[in-house]
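Have a look at the structure below before the remarks.
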DNA sequence: ATCCCGAGGG
DNA sequence: CCCTCTGGAT
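Residue numbers (UniProt numbering): 1 to 212.
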């Protein structure tokens, strides 16, 4: 079985496991997904959702974020970790979105990467989820599973994983594919003790079984 | 002790 | 390439 055939098989199997490829982060405005994604660094999305439920009520507009003291934002997001840098990023990001982008989240990689605290992972998520564009979100789950599934070998560089997946997954499906990888990585193919027994991908996974 | 849908700086 | 930021969960 070639890599591409395996990628196609995994794609179809994941569709059966997760018919809906949804993003787990809660948001109503576009910029709120941007902010929630920034908060999700080194933090579970479940915790991000707990924090943003009150955060987005306390600061209901981009304007309110741009005017808020950093310490107030920091206090509100403290339990997400990395709170000082994240608070600085949210405020600076709100200011730049208002002053340079008419308060709208940009729809291209170059402009997204200009925003404070927005890196490739966040930018790709926005391109896929907000704008429905082809996007490969090479986060920690995507990287771990891409290695276990043999799409890359011992590769930790997110850009290299992104490029490898671009050759294996059709652009139209890449965003949904990554969402499903994340869901599967969280629930089954976990970092520490992957639940290999009975794994729906076991038949095509070169790492199976990771655990005895 | 290790990991969680990272990003920026040196 | 490396390091730092950081609380929470397991």
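Backbone N, C-alpha and C fix where the C-beta goes; we use that ideal spot for every residue, glycine too.
Inclusion of residue 98 and residue 76 in the CB contact set at 8 Å is not warranted, their separation being larger than that value.
Listed in chain order, the non-local C-beta contacts of residue 127 below 6 Å within the same chain comprise 133, 135, local neighbours out to five positions each way being set aside. Inclusion of residue 62 and residue 21 in the CB contact set at 8 Å is not warranted, their separation being larger than that value.
Linking residue 125 to residue 174 through their CA atoms gives a straight-line distance of about 11 Å. Each of 158, 143, 165 was checked against the Cα of residue 184, and the nearest Cα belongs to 143. Using a 10 angstroms sphere on the CB of residue 81, the tally of other CB atoms stays under 16, which defines it as exposed.
Exposure of residue 190 is indicated by the presence of fewer than 16 other C-beta atoms within 10 angstroms of its C-beta. Between residue 74 and residue 85, the alpha-carbon positions lie close to 9 Å from each other. Taking a 10 Å sphere around the C-beta of residue 87, we find 16 or more other C-beta atoms and assign the residue as buried. Residue 14 and residue 180 do touch by the CB rule: their CB atoms are close to 4 Å apart, below 8 Å. The criterion of a C-beta distance shorter than 8 Å is not satisfied by residue 69 and residue 92. In this structure, the alpha-carbon of residue 108 lies about 13 Å from that of residue 129. Put simply, the backbone Cα of residue 24 is about 29 Å away from that of residue 100.
By the Cβ-count criterion, residue 121 is buried, with 16 or more other Cβ atoms from all chains shown falling within 10 Å of its own Cβ. In the DSSP assignment, residue 64 falls within the alpha helix (DSSP H) that extends over 62 to 67.
Note on the region 146 to 175: whole alpha helix (DSSP H) runs with a minimum of 4 residues are 158 to 168, in chain order.
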